[in-house]
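Structure record follows, encoded as structure tokens.
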Amino acid sequence: SQTIHQWPATLVQPVGSPLSLECTVEGTSNPNLYWYRQAAGRGLQLLFYSVGIGQISSEVPQNLSASRPQDRQFILSSKKLLLSDSGFYLCAWSRTGYGYTFGSGTRLTVV
Amino acid sequence: GDSVTQMEGPVTLSEEAFLTINCTYTATGYPSLFWYVQYPGEGLQLLLKATKADDKGSNKGFEATYRKETTSFHLEKGSVQVSDSAVYFCALFRFQGAQKLVFGQGTRLTINP
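Going line by line, the protein sequences match chains A and B. Mind the numbering: the first sequence is residues 10 to 120 in the working numbering, read in order. Mind the numbering: the second sequence is residues 489 to 601 in the working numbering, read in order.
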């Protein structure tokens, strides 16, 4: 069966510090991968998606970047966090015939 | 481009009340439509889905019908429980290309005993 792992679950980081959130998928190959963010009191915004290794598309200009070094690994990064980067980050994967599955999320608080 | 609009929240109801959360969409072609639920402190779970016009998705007493003529996918439940308190997201999805989910802004539902 397919599973998606996302960590850490909770993170508190100071302004200006770097960020690395990791997401891995098991049990499938060549999935589409996604990073979404949910800011406090707001809906879900697609940040990045990837249809293959090294292929990253950005939906919204921002202080974040994404990378896909392996087929089933998707990383969200920042060199210097801003207060506005606080939120709930969700990784997801999809593949034709499998629908869309979300990870459990990372709650990031920038202080 | 594609978009989804949900009714503004928060919505507060008493237990056993009837629930409707409105959702309308703008899209070309024939997207699939979904309702996701987010319980406090958790990620998103698929609640129900419909893949073509006039399909009715249902799960846990919730229902939604894909109405192409009104471009709507309203969520309903006949008798809500306290445990239904959560944030509900309507979304559309295309099985082409990057297969991006487009979400509505979410509706926070609180059920009082």
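Built from N, CA and C at the ideal position, the CB exists for glycine as well.
Query	Result
CB contact check: B/Lys540 to chain A, cutoff 8 Å	no
Secondary structure of B/Val492, DSSP reduced to three states	strand
Local conformation of A/Ser93 per DSSP, three classes	helix
Residues that B/Glu496 contacts on chain A, provided the C-beta gap is smaller than 9 Å	The contacting residues do not exist; B/Glu496 stays about 12 Å from chain A at best.
Spatial distance of A/Leu85 from A/Gln15 (CA atoms)	11 Å
Residues within the region 51–81 of chain A neighbouring chain B, beta-carbon criterion of under 9 Å	Arg51, Gly52, Leu53, Gln54, Leu55, Tyr58, Ser59, Val60, Ser66 and Glu68
C-alpha gap between B/Thr516 and B/Glu551, whole angstroms	24 Å
Any 3 or more C-beta pairs closer than 8 Å across the region 503–523 of chain B and the region 43–51 of chain A	no
Beta strand (DSSP E) runs wholly inside the region 52–105 of chain A, at least 3 long, in chain order	53–61, 64–67, 74–79, 82–87 and 96–104
Contact under 8 Å by Cβ, B/Ala574 with B/Tyr527	yes
Reduced DSSP secondary structure (H/G/I, E/B, other) of B/Ser546	strand
Cβ-based neighbour list, A/Ala75, same chain, cut-off 8 Å, excluding 5 preceding and 5 following	Trp44, Leu56, Phe57, Ser59, Ile65, Ser67, Phe83, Ile84, Leu85 and Ser86
Listed by chain order, chain A residues near B/Phe577 by CB distance under 9 Å	Gly52 and Leu53
Helix, strand or coil at A/Ile24 according to DSSP, with G and I counted as helix	The residue you asked about is not Ile; residue 24 of chain A is Val in the sequence shown. Coil at A/Val24, not helix or strand.
B/Leu536 beta carbon less than 8 Å from that of B/Ser546	yes
Under 7 Å from the C-beta of B/Phe591: neighbouring residues of chain A	Gly52 and Leu53
Alpha-carbon to alpha-carbon, B/Phe581 and B/Ser567	29 Å
Selection from B/Asp543, B/Gln569, B/Thr500 and B/Pro601 that minimises the alpha carbon distance to B/Glu557	B/Asp543
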